[in-house]
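Accompanying notes for the structure given below.
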Amino acid sequence: MADLISSQDEIISLVNNSLKDRKDSVVNILNDKLTLSVFSELEKNLQNVSEINFIVRGNQSAPIKKELDHEFELVSNPNDVLFNTYEITEKNKLQYFHKAKQMHKFISENVNVKKIRSPDMVKGNVLIIDNDIQVQGTSSLEFSKPKTINGLPQVNFDSFITSSMDNAQIQRSRELFATLWNNSGYTEDYKEELLESLSYIYKEYSPEFLYFFTLHELFGNQLDSSVERIESDNERFKKSKIWNSLYSFQKDAVVSAIQRINKYNGCIIADSVGLGKTYEALAVIKYFELRQDNVLVLAPAKLYDNWDSFKNNYRDNPLKDDRFSYKILAHTDLSRYKGYSKSGLDLARLDWSNFDLIVIDESHNFRNRVEQKDHMTRYQKLLQEIIRKGKNTKVLLLSATPVNNSLVDLRNQISIITSDRDYAYADEGIPSVSQTLIKAQREINAWSQGDRMNKNELLDSLPSEFYKLLEMVTISRSRKHITNYYGDANLGVFPKKRKPLTYRPGIDTENEVMQFEAVNAELEQLILCVYSPMAYILPEYKEEYREKYATKIGGREVFQHEDREAINIKLHRFNLCKRLESSVYAFGKTLERILQRITSYVSALESGGIFSMYVPMTDAVSEDDEFSPDEHSFLEYKYDIDVHHLDKEAYLEDLIEDRERISAILDQVNLVLENKRDQKADTLCEFVLEKISKTPYNEGNRKVLIFSAFADTANYLYDYLSPILKERGIHSGVVTGSSSPRTTLKGENLKYNEVLTNFSPISKGRLEDLAVGDIEVLIGTDCISEGQNLQDCDCVVNYDIQWNPVVLIQRFGRVDRLGSRNSEIQMVNFFPDMDLNEYLQLEERVKRKMVAANIGSTGDEDLLNPEMNDLAFRRSHLEKLQQEVVELEEMSKNISLTDLNMNQYLNELYEFSSSYPEVRKVPRGVFSITRGEEGGCLFCFKHRDDVTKPKSDSSLYPYYLVYMKNSGEVYIGVNNARETLAEFRRISYGKREPDKKLFKEFNVRTKDASDMSKYSRLITKAISSITGSERKRAEESIFDFTGFTDDFANAGNEDFELILFLVVE
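The sequence shown begins at 1246 in the working numbering and counts up by one.
Written as structure tokens, this is what we have:
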């Protein structure tokens, strides 16, 4: 009966004892693994052998030319000949480089190697020495010490193998081995490939190669498709005009978007302003149209013509050959149930559910989920009538700012993709979309309450499933990302941004009236009781009216009339402050409207009877303001009040007090306007005339784009400037969201898009035979601050300063665009005539009056978002905007999607993998050497026990990046993995050849890598920093509902596999 061997040590001892006294032995081995430990343990006695024949069995076919899994066994990857599964600890001692060189030499001179053509042809493993010794079994013949846990060896019943047999059995095995060896149907030569694999271990790699090898480890599993695969899906797509019109970075976005839409049912393209989201979306549309899919584009009404121009057979349509067939509807059409859309569709008959792909432009308009008791909001209709009722409707969302207040904004947009199924991605490891985002928001909130000094600490504290969710459904790149990861050659040209110009004119040229701070002081004294009649209801009738006018949804009271009136007063007070800063004219018009309302109320009170009033939200905000109709329509109200139920005398007294104060301010307004003493408008006029005459930024470019938050101001400026400009032969125009466009072009009543085309004819592709003249000065509201390409212009004037500075960057994005013909562009800002800090303190006083109670119907706590409420945020960015024009992503006090997205690494990896497929063949454990500012070693580890997922749930888990100093201190720790990766790129990218001098010095210092003790000690310290960090996180978890668990309590070096390391000199 055969003996049973249960110890790996016994196998080693048996083989060594059998070989040490033999001469000219023949050793035949059939095994599914060959590891460095085999060679290390048997090297001395193998010198006595005359012939060694080794057949690699393998459990699966693993051709050297294909991408292979990184396991330290030949079972899955013939390149990983370093260690078997249980010898990670030994591997971390870094002795394998020296051993690999020795093994390469020995195999080259002494070993014959073949491999089984198909794993299913042979079962079991065997080692035969001459006719005397045979070891065989179903388990791999692993020459190593078993894994230990808490100092005890792991018990593995699969390791029991038989060792001794009679001569007849051994002879039979030799004959079977010879059959395999000599029959080419069974085996093929494998020696050169094995030697090549060994050479990969100790090869001198360049720093850049090691960087990309790291990316391949971290993100290689996401390279499931490529540009070529998308192109080959449809030759017509590859040849389409739109595809061939894209820059390389745009093609990458399109490919990624198509993959995400097909796999996850939707995608959000959140590329920054000016990077061509519309063209990216058109390419995605073309792909799906070629599959005969029915596509709907939902766009803001003002962007309808942009989308319409690409689908019709117009001479100025650069994509007319692609023959797009998508339908276009406006966001506002979701609120309509009859009539015809601008595209001619009968909305009463339209089947909203019959679309395969929905493309939503400016999707941030759907980031607030609002319910109404008496009608379906746009969001509700989109979700219920289009997505849920649709035939597996897919979604593409486009927005440069998908997140404003919080990750709730993102959740609401992802809900459109998932058809509001919170568990939609459970199979992808995200059991709940909402809980994932809540966990991430909790980390963001905790970080934002601290000093916010290190954004990378926040990024690495966010849960891995949050990053996974973003990678699944978002694509977000900033200009900085594109420039860094694609380079100017593939990018095109952005214009240079000049230092912003700042003007601080007063209101009155004579400086006699309308001092900004004094007027605001008067405004703060206004009661504005015209918007709060319910406050004057007599006590005995209050409950009756409260019940009558309370807002209820689903039978639940969520809003009382007192709340509604209080918020409206605050909004109107805020509106007055903003309009005063905008223009004396807009401010005066608002005061006149309030005065008219007061007069009508006084008359109603004095006449008695039923007191009726209607307060629309348009009274409180401009038609271009941030507040959408759905979002705040619940603040509109209509009351019917019996005058006898009011405290009539008190109400009349307060109304008359407000009337007198407003009338006094209006007298000052009229004095300025009637005597043409508007200093701010005069200053603007002087600037415009000088710019046109001198064209200081780009020779011959006279164009100026002027923005105001208010239609009243925009129309006032047009009436003020256009006659002056027309006298000089210069045409101007104005566009707002509430009135028809106007221009000075003779006899022409141009439509909205025609005005824009004649202002920016090159970017809009104007046909010369349709030209009616060039508009040099365009005045507009924020209805044109999104989605428009007006890059013929090189100067943007912000006539008033938006409460949220982000809007100023969005405005500038109309001219700050890829492929601009302008070498330089200029931002001009008009600030109030007072110190910025004083102005912001004044705003802060107004803001404090606006803090509202919780609004149940929206879930918001404040009508001003956190960035608008943050005085320090506004001060820092308004100060910065006086010195430089920053990127949109830099305007957020928290984080943007571009901070969170890893698409740039994926795109880099794809490009590299296409050019250097050998990255797929390199085994784990390799290294390189580079120069850097801090000497030390940068390590990448992989936690090998996926079941024991740590509490911190690091953003790159199961991988860990640690940058250690030579002293053994942590330079960049595990909680800053993204910072480490960025540093890795910084010190490696572009270094495409190994530094021979550094490698020579390294080999001298380490005796040709035989003495790696220094780096082995750093590995131990690095792993200790990982387990220590996870232990600290586990201790902190005692304060949350998940309880205290330290999953890494027993973790040691053997639990962390060394993937690679970069020596930094």
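A virtual CB, placed ideally from N, CA and C, is assigned to each residue, including glycine. All figures in this text were calculated on a predicted structure; none of them were measured in a lab.
- Counted as a single uninterrupted DSSP element, the beta strand (DSSP E) harbouring SER1270 occupies residues 1270 to 1276.
- Residue environment: PRO1986 is assigned as buried (16 or more neighbouring CB atoms within 10 Å of its CB, all protein chains considered).
- Annotation note: the segment 1770 to 1835 contains the following uninterrupted beta strand (DSSP E) runs of length 3 or greater, listed N- to C-terminal: 1796 to 1798, 1801 to 1804.
- The beta-carbon distance between VAL1500 and LEU1491, rounded to whole angstroms, is 10 Å. This is too long to meet the 8 Å contact definition.
- In chain order, SER1664 place their CB closer than 6 Å to the CB of ARG1633, counting only its own chain and leaving out the 5 sequence neighbours on each side.
- Taking all protein chains in view, the Cβ of MET1366 is surrounded by fewer than 16 other Cβ atoms within 10 Å, so the residue is classified as exposed.
- Taking the CA atoms as reference points, GLU1438 sits about 31 Å from LEU2206.
- The segment 1983 to 2029 is shown to contain whole beta strand (DSSP E) runs of 3 or more residues at 2020 to 2025, in chain order.
- Each residue's CA atom was taken as its position, placing GLY1369 and ARG1302 some 9 Å apart.
- Out of ARG1568, LYS1508, SER1709, LEU1541, the CA that lies nearest to the CA of LEU1627 is found in LEU1541.
- Secondary structure remark: continuous alpha helix (DSSP H) runs of at least 4 residues inside the segment 1430 to 1503, in chain order: 1436 to 1447, 1452 to 1464, 1472 to 1478, 1480 to 1484, 1486 to 1489.
- For the pair SER1984 and SER1977, the CB atoms are not nearer than the 7 Å cut-off.
- Pairing GLY2010 with VAL1648, the inter-Cα distance amounts to about 32 Å.
- When rounded, the separation of the alpha-carbon atoms in PRO1545 and THR1681 is 30 Å.
- Remark: three or more beta-carbon pairs, one from each stretch, lie closer than 8 Å, so the segment 2223 to 2239 and the segment 1446 to 1459 are flagged as touching.
- An exposed status is given to GLU2214, since fewer than 16 other beta-carbon atoms sit within 10 Å of its beta-carbon.
- If the five residues before and after ASP1434 are omitted, its C-beta is found closer than 8 Å to the C-beta atoms of VAL1358, LYS1359, all from its own chain and listed in chain order.
- Counting only the Cα atoms, VAL1653 lies some 28 Å from ILE1573.
- For GLY1635, the number of other beta carbons within 10 angstroms of its own is at least 16, and it is reported as buried.
- When Cβ pairs closer than 8 Å are counted between the two stretches, the segment 1480 to 1491 is seen not to touch the segment 2162 to 2172, the count staying below three.
- The distance from the Cβ of LYS1268 to that of ASN1293 is about 6 Å, consistent with a contact at the 8 Å cut-off.
- Annotation for GLN1686: the continuous alpha helix (DSSP H) segment containing it runs 1678 to 1693.
- With contacts defined as CB atoms closer than 7 Å, VAL1949 and LYS1939 fail to qualify as a contacting pair.
- Its chain contains VAL1540, PHE1569, SER1570, TYR1571 as the residues whose beta carbon lies nearer than 8 Å to that of GLU1534, once the 5 sequence neighbours on both sides are disregarded; these appear in chain order.
- Around the beta-carbon of HIS1620, fewer than 16 other beta-carbon atoms lie within 10 Å, marking it exposed.
- Nearest neighbour of THR2002 by Cα position, chosen from ARG1417, SER1554, SER1651, turns out to be SER1554.
- Within its own chain, the residues whose Cβ lies closer than 6 Å to the Cβ of LYS1338, once the five positions on either side in sequence are excluded, are SER2261, listed in chain order.
- Ranked by how close their Cα comes to the Cα of HIS1461, the residues LEU2201, ASN1946, LEU1643 have LEU2201 in first place.
- For the options ALA1345, ASN1290, ASN1273, VAL1271, the alpha carbon positioned closest to that of SER1258 is the one of ASN1290.
- Per DSSP, LEU1527 is not a residue of any beta strand (DSSP E); the alpha helix (DSSP H) it occupies stretches across 1522 to 1534.
- In this structure, GLU1755 lies near ARG1922, with their beta-carbon atoms less than 7 Å apart.
- Note that the C-beta distance between THR1432 and ILE1361 is below 7 Å.
- By the Cβ criterion, the segment 1776 to 1789 is in contact with the segment 1882 to 1901, since at least three pairs of Cβ atoms, one from each stretch, lie closer than 8 Å.
- When DSSP reads this structure, ASP1753 sits in a beta bridge with ASP1923.
- Rounded to the nearest whole angstrom, the C-alpha separation of LYS1684 and LEU1655 is 14 Å.
- Distance from ILE1975 to VAL2022 at the Cβ level is roughly 7 Å; contact confirmed, criterion being Cβ atoms closer than 8 Å.
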